[in-house]
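Taken in sequence, the protein lines are chains C and E.
Take the first sequence: its position 139, counting from 1, is numbered 139 in the UniProt record's numbering, and each next residue is one higher.
Take the second sequence: its position 501, counting from 1, is numbered 501 in the UniProt record's numbering, and each next residue is one higher.
Heads up, the beta-carbon is just placed ideally off N, CA and C, and yes, glycines get one too.
Since the structure is predicted, the reported quantities are computational estimates derived from the model, not experimental observations.
Below is one structure, written out as structure tokens, with a few remarks after it.
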Amino acid sequence: MIILGTILTLVFSAVLIAALLVAAGVFTWVERRVLGFFQERLGPNRVGPFGFLQWVADTVKLITKEDAAPPGADLFAYRLAPVLASAPVLAGFGVIAFAPQMSVAALDMGLIFAMGMLALTVYGMVLGAWASRNRYAMLGGLRAGAQLLAYESFLGLSLMGVVLLTGSFNLGQIVAAQGDLWFVVQQPLGCLLFLIAGTAAAHRLPFDLQESEQDLVAGFMTEYSGMSFALFFLGEYLAILLVAALATTLFFGGWHGPWLPGPVWFGVKMGVIAFAFIWVRAALPRPRYDQLITFAWKAALPLALLNLLLTGALVVLGGQP
Amino acid sequence: MSLDTPPLAPVVEALRAQFGPAILSQQETGEGFPVLWITPEASPGVHHFLRERVPQPFTLLADLWAVDETRRQHRPGPARGVTVQSHLISLERNADIRLKVACDADAPRARSVAQVFPAADWYEREAFDMFGVTFDGRASHRRILMPATWQGHPLRKDHYARATEQPPFRMTEEFFAAEEAANTIDPVALGLPVLKDGEELMQLNFGPHHPSTHGVFRIVLGLHGEEVIWAVPDIGYHHRGAEKMAERQTWHGFIPYTDRIDYLGGVMSELPYLMAVERMCGITVPARAQVIRVMLCEFYRIMNHLLFYGTMAQDVGQMSPVFYMFTDRERGYRVLEAITGARMHPAFFRIGGVAMDLPNGWDGLVRDFLDWMPPRLDDYRRMVMNSDLFRIRTVGVGAYDTETALKWGTTGPGLRATGMACDWRKLRPYSGYDQFEFDIPTGSRGDIYDRTDVREQEMRQSLRIIRQCLDNMPGGPVKADHPLTTPPDRAAMQHDIDTLIPHFLTMAQGTVVPRGEATGQIETHRGLAQYALISDGGTSSYRTRIRTPSFAHLQMLPHILPGMTVADVVAHIASLDFVMSDVDR
């Protein structure tokens, strides 16, 4: 029975990883098409129907391209960095519950695990920046580090309200607790703060300061090419999907929804949130690095604490778990 | 004409009273302002006097340049070898004055005026680079446009003008290494700090191939963390020697080159050049041609400002506006293409008019564009100017006041954003601008936001001007009835021998422009463009001096950037709206 369970888990993991890689690929195509429509142009529409196979062509191109390393680079760290930037995000999906009993590992500390995995990607960036021996990369790496400290401070806190209401870190139980009412209704401020911090955690505009192409060329990945670059890229897109999955789980009722099966609802909600990320990217300018840090410490963190305080008070007064 | 400014006799008298024999003579020219020859020794004193001690002082050093007089057949007054000239403008008086200093040909020496006018710094470096003029009182003489390893001074008449006049070029390893070494910047040699609070500064080489430097512009930053401590701009990567080319082309043949001085300006740079040529020829441009010129100039002003607007938003991280604005530019280019037959470099103006009349149906095209733009501009205002994120990135960042702006020779939107309503179209209306109703938008803080805002409003004013052109386009010829009009009117040429002969001569040999000196000034989308031409009575220019606004604007960078972060540097550079072809020429 245990062996069967292990095999099932392995199969499920393999399917999930494959599905996520395809999803990340498809998402790049969706983003480019959608951005195109936002911007009065067409976007990639040549490869396959509606350009759908563009991501396949891109993948082939990235795999076959020369993966160059700059002279003077620390080769071990230089090669390790892209892996560190993408693998933990994949691991983070392990605790996501796509339907009741449908997750690779229903950890009791699932939320903490996912947060930790998301935060680990910054090691990849800092390491890659450091190993490249490039000054633009260096600045990008420093920004990544400082930005991580700034948004992590309120990313975790913004979720604590949900945890207080549920009394659990298990993502499956958190979704189960939203059968009647999504937590976004009870925790609007927490949801907003989480989405802001999630944007920063996924390094998306307007919080993509570590790779801001206007001043830092490509920031920490300036020197990367070929598959190493693709891994960074993959890590970023997976992070968007992971943040979207977490938001779905924590605030938008996970698999709950009428008529359709649970995983479909989960996918639809994830898709809508990911779409919002694209929309934001099309619309907003980017704040300056010190402005983001100031905002994180002086506005977002106090708000997250306030949210936690209020939720705590309500829980105590209401006598909930 | 544009440069007929109020009489300056009292100023000249005051100068004579103050400096006596140091004021050698006043040159008779066709210009509308006094041209004085002074001794080299008196030069800094005279500049200081005009800058500080006359009422309504001459605060703007518009240009400083040199002329190699050695091959000139009709030299004026005291001219000997190399003449160093400076052009001062008093905006309060709306008056100009030009000072000339004669130097030897072999080792030209003049006095530096950079102490009086800081803007003279780069111009003096250019005069050294191009003519080998050394300026007493300068700490150093570094080349500015040519590579540090260059031999000779390109604008001297004895310097070759074409690569084919030289033996074939070979890139040896030693040569390559020397060039590379010459590109490094040693902060110690430039008197810049290498430490701050005991920590070593990081040198960041920004450009020439950086996505945000808007062309091949290089600026080396000394960084403490992300804070800029010093900045050293390095220009010249886009230098083509346009002023040298002008000496080899016919007057008519140089027109397409002016398009490429500011490659986003289209016909705009043709206008000051032709105004100067027409002044020497004594041509009056017919009304219809003038209005066509104004209309096209305003179109290109919008084209440029749209690109500026989009890239400005892009450079603070906003991705979409630039795509919308390229859609608009496409619509504008459709009109321009129909009228001129080209998009970016139309070469449409001619000596004495424009190349051809407007095509049938031009008015419908223009009207469509006029109807299309205003709602789009309103959209952009909501999207960009009213965006809180755009505001926090730009308000109060990169600010300078009017005095600083004038000190460094800043003109155009960069000056108007400080609150000074200085626009050559109003100040000295040329090409019939006095017939149009339009306002000059100004800012108050002189920061990045105001510079963007001023340009945004200027587009609306340009639309207003184009609307007036559309409604009131006069009839009549598009070329002047004058023997020097190049090429002459084709219909007339096919009928009478008196036009056929000039046509043959001007096309085969080139137009012979009467000898003299003339200056054309216009307000381009970037600021004051000034073409100072000398004709020695030949078929090509003896000296073509091109003063571009971008050159002056970049010079201010090392004095504004310190204290900013790298991201602000990008925003500030974008807000200056320069084009490297316009800087390097």
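Would you call residue i buried or exposed, if buried means 16 or more other Cβ atoms sit within 10 Å of its Cβ?
i: His210(E); result: buried
i: Asn360(E); result: exposed
i: Trp259(C); result: exposed
i: Pro44(E); result: buried
i: Val272(C); result: exposed
i: Leu91(E); result: buried
i: Asn472(E); result: exposed
i: Lys61(C); result: exposed
i: Leu3(E); result: At Leu3(E), the pLDDT of 48 sits below 50, so the modelled position is not reliable and the matter cannot be decided from this model.
i: Thr284(E); result: exposed
i: Glu179(E); result: exposed
i: Trp265(C); result: buried
i: Asn307(C); result: buried
i: Gly20(E); result: exposed
If I'm right that residue i touches residue j with Cβ under 8 angstroms, what's the distance once you round it to whole angstroms?
i: Val113(E); j: Ala102(E); result: Val113(E) to Ala102(E), Cβ: 16 angstroms. No contact.
i: residue 612(E); j: Arg80(E); result: Outside the shown range of chain E (1 to 585) lies residue 612(E), about which nothing can therefore be said.
i: Met276(C); j: Phe220(C); result: The residue you asked about is not Met; residue 276(C) is Ala in the sequence shown. With a Cβ gap of about 25 angstroms, Ala276(C) and Phe220(C) do not count as contacting.
i: Leu242(C); j: Leu171(C); result: About 12 angstroms; that fails the 8 angstroms criterion.
i: Val232(E); j: Pro558(E); result: 7 angstroms
i: His305(E); j: Met580(E); result: About 18 angstroms separates the two Cβ atoms, so there is no contact after all.
i: Phe49(E); j: Leu15(E); result: 7 angstroms
i: Leu145(E); j: Asp584(E); result: 6 angstroms
i: Leu157(C); j: Leu305(C); result: 6 angstroms
i: Arg288(C); j: Leu204(E); result: Not quite, the Cβ-Cβ distance comes to about 17 angstroms (not below 8 angstroms), so this is no contact.
For chain C, find out if any of its Cβ atoms is closer than 8 angstroms to the Cβ of residue i; answer yes or no.
i: Leu3(E); result: In this predicted model, Leu3(E) has a pLDDT of only 48, less than 50, meaning its place in the structure is not dependable enough to derive any value.
i: Met202(E); result: yes
i: Ser575(E); result: no
i: Ala62(E); result: no
i: Leu8(E); result: no
i: residue 602(E); result: No answer is possible for residue 602(E): the residues shown for chain E start at 1 and end at 585.
i: Met319(E); result: yes
i: Val194(E); result: no
i: Arg393(E); result: yes
i: Phe308(E); result: no
i: Asp568(E); result: yes
With a threshold of 7 angstroms (Cβ to nearest heavy atom), would residue i be considered close to the ligand ATP?
i: Leu557(E); result: Of ligands this structure carries none, so the ligand ATP is not represented either.
Answer yes or no: does any C-beta atom of chain E fall closer than 8 angstroms to that of residue i?
i: Ala283(C); result: yes
i: Glu211(C); result: no
i: Val217(C); result: yes
i: Pro321(C); result: With a pLDDT of only 48 at Pro321(C), under 50, the local geometry of the prediction cannot be trusted, and no value is derived from it.
i: Glu152(C); result: no
i: Tyr224(C); result: no
i: Arg133(C); result: no
i: Tyr289(C); result: yes
Between residue i and the rest of its own chain, which residues show a CB-CB distance below 8 angstroms, the 5 nearest in sequence each way excluded?
i: Phe131(E); result: Ala66, Asp68, Val82, Pro108, His153, Leu155 and Arg156
i: Arg547(E); result: Ala62, Asp63, Trp65, His87, Leu528, Ala529, Gln530, Tyr531 and Ala532
Counting only the same chain and skipping the five closest in sequence on each side, list residues whose C-beta sits under 6 angstroms from that of residue i.
i: Leu35(C); result: Ala282
i: Gly124(C); result: Ala81, Leu84 and Ala85
i: residue 347(C); result: Given a span of 1 to 321 for chain C in the structure shown, any question on residue 347(C) remains unanswerable.
i: Arg416(E); result: Thr442 and Val454
i: Tyr433(E); result: Arg425
Please work out which residues of its chain come closer than 7 angstroms, Cβ to Cβ, to residue i, disregarding the five sequence neighbours upstream and downstream, and give them in chain order.
i: Met1(E); result: Caution is warranted here: a pLDDT of 40 is assigned to Met1(E), below 50, making its placement in the model unreliable, and the coordinate value is therefore given only provisionally. Cβ within range, chain order: Gly32 and Arg279.
i: Gly72(C); result: Arg133
i: Pro321(C); result: Caution is warranted here: a pLDDT of 48 is assigned to Pro321(C), below 50, making its placement in the model unreliable, and no coordinate value can be reported.
i: Asp363(E); result: Leu470
i: Ala23(C); result: Leu241
i: Trp182(C); result: Phe251, Phe252 and Gly253
Mind pulling the chain B residues with CB within less than 8 angstroms of residue i?
i: Leu205(C); result: Protein chains C and E are contained in the structure displayed, whereas chain B is not.
Starting from the N-terminal side, write out each stretch of the beta strand (DSSP E) that is 3 residues or longer and does not extend beyond the region 70-151 of chain E. 82-90, 95-103, 109-111 and 134-136
Suppose only complete runs of 4+ residues qualify. What are the alpha helix (DSSP H) ranges in the region 358-436 of chain E, listed by chain order? 362-380, 388-394, 402-407, 413-416 and 424-427
Any chance you could list the alpha helix (DSSP H) runs of at least 4 consecutive residues sitting entirely within the region 488-531 of chain E, in chain order? 490-493 and 497-508
Restricting to runs no shorter than 3 residues, where is the beta strand (DSSP E) found entirely within the region 156-239 of chain E? 202-206, 218-224 and 227-234
Entirely enclosed beta strand (DSSP E) segments - the region 198-237 of chain C, minimum 3 residues: none
4 or more residues per run - each alpha helix (DSSP H) lying fully within the region 242-317 of chain E: 242-246, 255-259, 270-281 and 287-315
To test your reading of the DSSP string, which unbroken alpha helix (DSSP H) runs of 4 or more residues are found completely within the region 525-566 of chain E? 549-555 and 557-560
Which runs of the beta strand (DSSP E) at least 3 residues long sit entirely within the region 86-150 of chain C? Give them in chain order. none
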